[in-house]
Amino acid sequence: MNTILSTKDYIVFFVYFIIVASYGLWIYYKKKSASEGAKDYFLAEGSLTWWAIGASLIASNISAEQFIGMSGSGFKMGLAIAAYEWMASITLIVVAIFFMPVYLKNKIFTMPQFLNQRYNGTVAMIMAVFWLMLYIVVNLMSILYLGAVAISGISGLDLTLCIMLLAVFAIIITLGGMKVIGYTDVIQVFFLVLGGLVATYLALNIISDGNGVLAGFTTLHNDAPEHFHMIFKTDNPNYMDLPGISVLIGGMWIANLSYWGCNQYITQRALGASLPTARNGLLFAAFLKLLMPVIVVIPGIAVYYIVNKNLGAIDSSSLLTSTGAQDPNKAYPALLTLLPAGLKGLSFAALTAAIVASLAGKANSIATIFTLDIYQKAINKDASEKNLVNVGKLAVIVSMILGTGLALILGESLMGEGKQGFQYIQEYTGFVSPGIFAMFILGFFWKKTTSNAAMFATIGGFILSVLFKKLPDLMDLSFLSSTGFSVLNPATGIYEIPFIDRMSFVFIICVIFMVIISLIDNKRGIVPKGLEIDTKMFKAHNGFVIGSLLVVMIVVALYSIYW
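Residues 35 to 597 (the working numbering) make up the sequence shown, in order.
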């Protein structure tokens, strides 16, 4: 068994997890109530502070898809992939100002509940099933597989065993409920950030030949300028993944707003809190998001430089696939080989913790949607609070078993052999994001939107996404190349529409048809359900406003520098 870990690393690793597990048990028994209800179990109602909410958001978000997938994308395409992180920081502020007040004012605890309250039970049930499939087929599977790839590469353990161990540990954490997840995530975030910063420091110091981080970054920036462009031109081989200016004004906003504002997995952290607490938590997460590229993107670029300049600190063969191609997903695990004994174990523990935290958050959201929006609504309407909690725990176990099976069967074909795992997640989530976001945004702010219009966005949005994906197989799209809306895909040799642009097109079509359908329904006398919305609730306190402006200014400055 090949491993880069020493005995000291394993000791640090196990001590870390003993501490986290003990803290989780302490939180569980300290805050456990004899009459614990479903909302308390699933949402940790009223018990999470702003810093716990913010930390939990980031810990659940920066899992394998960030540390492994995004570092891999940094290795392949450079700083441009940081657009997901920096634009997310502004997105979190938008969600805090406009989305959270609507959810909390209307006592929304799950996303399907919002759809039921705003539209009808049919729309809510269809979307509940859609979300469950998305979370299991895309998210659980990808996190389990990519996480196991990293752990297997570092520890030398069998890939299949790593997938199973991750699933088991995530189940144990998730069964403690949202309180345990939320508070243990605070520890995870600290060590995630610490481990990432140390790894980045060492990599940049190697690049500068021991002259420090700033010298290393300057060298990296000067000698690999192709990896420091935020906006790609059409002749860039990575344009398919990040299509130029569309990243700033197009589909990237749909992906981010759908993920951070209409996603049970994310909003669940704040739905049980007061509005000021929820907003402060989201703002804290926004500041942490600004830091993420330093931890997950710069390391990938550094590994690219070290390997391709033959500096010798990293064995380039450790990044190769079975066919001899470079595998971007192996960049971050390779970086950990630079760490000294002890720190290597701590970083390994932090990485494992990130994967488990994300799995736990996903599983908890799956359990929440299944229990409160499917089981309670359609299977057992008279279920007791205890019964709902037990069903939720069973849903956690079943979903993790399904995710494990999919990771073992499909993980290699979808995310292995040199493919970018992060891009896989973004593209396939994008099949439902445009319709979901159209349905939510019109449901929020246009009272005339009807349930028939929402049904079109639910089903029609998905069908349109599939059609746009298959369009290159049906017709030659080279005539769109001059507009930048189609580009030659090096992998397939045909002109395709970048998936971020596909999301924009599908979203626009969904909105147009939703407006038309709603106006027709209105003329027929169909009166949509409304929401309690008072414009005063969108007003935020001064501290939040100042913090938000600071975040926006930092993002604008970063784009100005690395345009």
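Note that beta-carbon positions come from the ideal geometry of N, C-alpha and C, so glycine has one too.
Computed from a predicted model, the values in this text were never measured in an experiment.
Practice prompt. Please confirm whether Ile-188 and Pro-367 have their CB atoms less than 7 Å apart.
Written response: What you label residue 188 is simply residue 154 of the sequence shown in a count that begins at 1. What you label residue 367 is simply residue 333 of the sequence shown in a count that begins at 1. Their beta carbons are under 7 Å apart, which means Ile-188 touches Pro-367 by this criterion.
Practice prompt. Starting from the N-terminal side, write out each stretch of the alpha helix (DSSP H) that is 4 residues or longer and does not extend beyond the segment 133-216.
Written response: List check, alpha helix (DSSP H) in window: 134-139, 145-152, 155-168, 175-189, 193-208.
Worksheet item: Which residues share a DSSP beta bridge with Tyr-529?
Response: Within the sequence shown, numbered from 1, the residue matching residue 529 stands at position 495. DSSP, once it has assigned bridges, lists Leu-522 as partnering Tyr-529.
Fill in: Rounded separation between Thr-484 and Ser-90 - CA only
Within the sequence shown, residue 484 is the residue found at index 450, counting from 1. Within the sequence shown, residue 90 is the residue found at index 56, counting from 1. The alpha-carbon atoms of Thr-484 and Ser-90 are separated by roughly 35 Å.
Discussion item. Alpha carbons only, please: which of Asp-555, Lys-573, Ile-546, Ile-87 is nearest the one belonging to Asn-314?
Written reply: In the sequence shown, counting from the first residue as 1, residue 314 sits at position 280. Relative to the Cα of Asn-314, the nearest Cα in the group Asp-555, Lys-573, Ile-546, Ile-87 belongs to Ile-87.
Practice prompt. Give every residue of the same chain whose Cβ lies closer than 6 Å to the Cβ of Gly-581, excluding the five residues on either side of it in the sequence, and list them in chain order.
Written response: What you label residue 581 is simply residue 547 of the sequence shown in a count that begins at 1. Closer than 6 Å at the Cβ level, and outside the excluded window around Gly-581, lie Leu-317.
Discussion item. In the DSSP assignment, the alpha helix (DSSP H) including Glu-119 goes from what residue to what residue?
Written reply: As a working mapping, residue 119 is identified with position 85 in the sequence shown. Per DSSP, Glu-119 belongs to the alpha helix (DSSP H) from 117-128.
Discussion item. My output table needs one value for Leu-501: the three-state DSSP class, helix, strand or coil.
Written reply: Along the sequence shown, one-based indexing puts residue 501 at 467. Helix at Leu-501.
Worksheet item: Under the rule that 16 or more other beta-carbon atoms within 10 Å means buried, what is Phe-148, buried or exposed?
Response: One-based indexing of the sequence shown puts residue 148 at position 114. Answer is buried; the Cβ neighbour count reaches 16.
Worksheet item: Could you check where the alpha helix (DSSP H) with Thr-253 kicks off and where it finishes?
Response: The residue given as residue 253 occupies position 219 in the sequence shown. Looking at the DSSP string, the run of the alpha helix (DSSP H) that includes Thr-253 is 247-257.
Fill in: Alpha-carbon to alpha-carbon, Ala-158 and Ala-391
Counting from one through the sequence shown, the residue named residue 391 turns up at place 357. Counting from one through the sequence shown, the residue named residue 158 turns up at place 124. Distance between the alpha carbons of Ala-391 and Ala-158: 27 Å.
Worksheet entry | Where Leu-354 falls: helix, strand or coil (DSSP) | Residue numbering aside, residue 354 sits at position 320 when the sequence shown is read from its first letter. In the structure shown, Leu-354 sits in a strand (DSSP, three-state: E or B).
Practice prompt. Express the C-alpha separation of Lys-557 and Asn-486 in angstroms, rounding to a whole number.
Written response: As a position in the sequence shown, residue 486 is number 452, starting the count at 1. As a position in the sequence shown, residue 557 is number 523, starting the count at 1. The straight-line gap separating the alpha-carbon atoms of Asn-486 and Lys-557 is approximately 13 Å.
Practice prompt. Report the option in Cys-544, Ser-123, Gln-151 whose CA atom is closest to the CA atom of Tyr-293.
Written response: To locate residue 293, count along the sequence shown from 1; it is residue 259. Answer by Cα proximity: Ser-123.
Worksheet entry | Rounded straight-line distance, which links the Cα of Ile-567 to that of Ile-348 | Position 314 of the sequence shown, counted from the start, is the residue given in the question as residue 348. Position 533 of the sequence shown, counted from the start, is the residue given in the question as residue 567. Between Ile-348 and Ile-567, the C-alpha separation is close to 56 Å.
Practice prompt. Go through its chain and collect everything with a Cβ distance to Lys-364's Cβ below 7 Å, but skip five positions before and after it.
Written response: Against the sequence shown, residue 364 aligns to sequence position 330. Spatial neighbours of Lys-364 in its own chain (CB-CB distance under 7 Å, excluding positions within 5 residues in sequence) are listed in chain order as Gly-187, Ser-352, Leu-353.
Discussion item. Taking the alpha carbon of Leu-476 as the reference point, which residue from Ala-429, Ser-552, Lys-267 has its own alpha carbon closest?
Written reply: Mapped onto the sequence shown, residue 476 falls at position 442. It is Ser-552.
Discussion item. Using 8 Å for Cβ pairs, my map puts Met-104 next to Val-331. What's the rounded Cβ distance?
Written reply: Taking the first residue of the sequence shown as position 1, residue 104 is located at position 70. Taking the first residue of the sequence shown as position 1, residue 331 is located at position 297. Rounded, the Cβ-Cβ distance is 6 Å, consistent with contact.
Practice prompt. Could you tell me which residues DSSP pairs with Gln-360 in its beta bridges?
Written response: Locating residue 360 in the sequence shown gives position 326, where the first residue counts as 1. BP columns for Gln-360 point to Leu-354.
Discussion item. Using CA atoms only, rank isn't needed, just tell me which of Val-540, Pro-506, Met-537, Cys-544 is closest to Gly-527.
Written reply: Within the sequence shown, residue 527 is the residue found at index 493, counting from 1. Looking at the Cα atoms, Pro-506 is the closest of the given residues.
Discussion item. By the DSSP assignment, the alpha helix (DSSP H) with Trp-287 in it spans what residues?
Written reply: Against the sequence shown, residue 287 aligns to sequence position 253. Counting along the chain, the alpha helix (DSSP H) containing Trp-287 begins and ends at 285-295.
Fill in: Spatial neighbours of Thr-370 in its chain, beta-carbon cut-off 8 Å, leaving aside the 5 residues before and after
Against the sequence shown, residue 370 aligns to sequence position 336. For clarity, residue 370 is Leu in the given sequence; the question names Thr instead. Ile-38, Ile-188, Ala-233, Lys-378, Ser-381, Phe-382, Leu-385.
Worksheet item: What are the boundary residues of the alpha helix (DSSP H) that includes Ala-397?
Response: Taking the sequence shown and counting its residues from 1, one reaches residue 397 at position 363. Counting along the chain, the unbroken alpha helix (DSSP H) around Ala-397 starts and ends at 377-403.
Practice prompt. Report yes if the C-beta distance between Leu-276 and Phe-266 is below 7 Å; otherwise report no.
Written response: Taking the first residue of the sequence shown as 1, we reach residue 276 at position 242. Taking the first residue of the sequence shown as 1, we reach residue 266 at position 232. Contact annotation: Leu-276 and Phe-266 have beta-carbon atoms nearer than 7 Å.
Worksheet item: By a C-beta neighbour count over all protein chains shown, 10 Å radius and 16 as the cutoff for buried, is Asn-342 buried or exposed?
Response: Within the sequence shown, numbered from 1, the residue matching residue 342 stands at position 308. Exposed.
Worksheet item: Are three or more beta carbon pairs between the segment 490-501 and the segment 537-545 nearer than 8 Å?
Response: Judged by Cβ distances under 8 Å, the segment 490-501 makes contact with the segment 537-545, as three or more pairs qualify.
Discussion item. Please report the straight-line C-alpha distance between Phe-490 and Ile-550, rounded to a whole angstrom.
Written reply: To locate residue 490, count along the sequence shown from 1; it is residue 456. To locate residue 550, count along the sequence shown from 1; it is residue 516. Distance between the alpha carbons of Phe-490 and Ile-550 is about 11 Å.
Worksheet item: For Trp-120 versus Val-579, is the C-beta spacing smaller than 7 Å?
Response: Working through the sequence shown from its first residue, we reach residue 120 at position 86. Working through the sequence shown from its first residue, we reach residue 579 at position 545. A distance of 7 Å or more separates the beta carbons of Trp-120 and Val-579.
Worksheet item: Among Ser-515, Ile-197, Met-167, which residue has its Cα nearest to the Cα of Gly-181?
Response: Here residue 181 refers to the residue found at position 147 of the sequence shown. Checked all of Ser-515, Ile-197, Met-167; the closest Cα to Gly-181 is Ile-197.
Fill in: Residue burial classification, Phe-513 (beta-carbon count within 10 angstroms, cutoff 16)
Here residue 513 is taken as the residue at index 479 of the sequence shown, counted from 1. By the neighbour-count definition (other C-beta atoms within 10 Å, threshold 16), Phe-513 is an exposed residue.
Practice prompt. Determine the extent of the alpha helix (DSSP H) in which Asn-344 is found, giving its start and end residues.
Written response: As a working note, residue 344 is residue 310 in the sequence shown. First-last for Asn-344: undefined, no H or E at that position.
Worksheet item: Just the Cα atoms here: how many angstroms apart are Ala-68 and Leu-309?
Response: By one-based count along the sequence shown, residue 68 stands at place 34. By one-based count along the sequence shown, residue 309 stands at place 275. Residue placement at Ala-68 is poorly supported in this model, since its pLDDT is 44, which falls under 50; the coordinates are not used for a value here.
Practice prompt. Drop a sphere of 10 angstroms on the beta-carbon of Asp-192, count the other beta-carbons inside from all chains shown, and report buried for 16 or more, exposed for fewer.
Written response: In the sequence shown, residue 192 corresponds to position 158, counting from 1. Exposed is the call here.
Fill in: Extent of the continuous alpha helix (DSSP H) run through Lys-415
Mapped onto the sequence shown, residue 415 falls at position 381. Where Lys-415 is concerned, there is no enclosing alpha helix (DSSP H), given that its DSSP letter is neither H nor E.
Worksheet item: Should Met-434 go down as buried or exposed, given a rule of 16 or more other Cβ atoms within 10 Å for buried?
Response: Position 400 of the sequence shown, counted from the first residue, corresponds to residue 434. It is buried - the Cβ of Met-434 has at least 16 other Cβ atoms within 10 Å.
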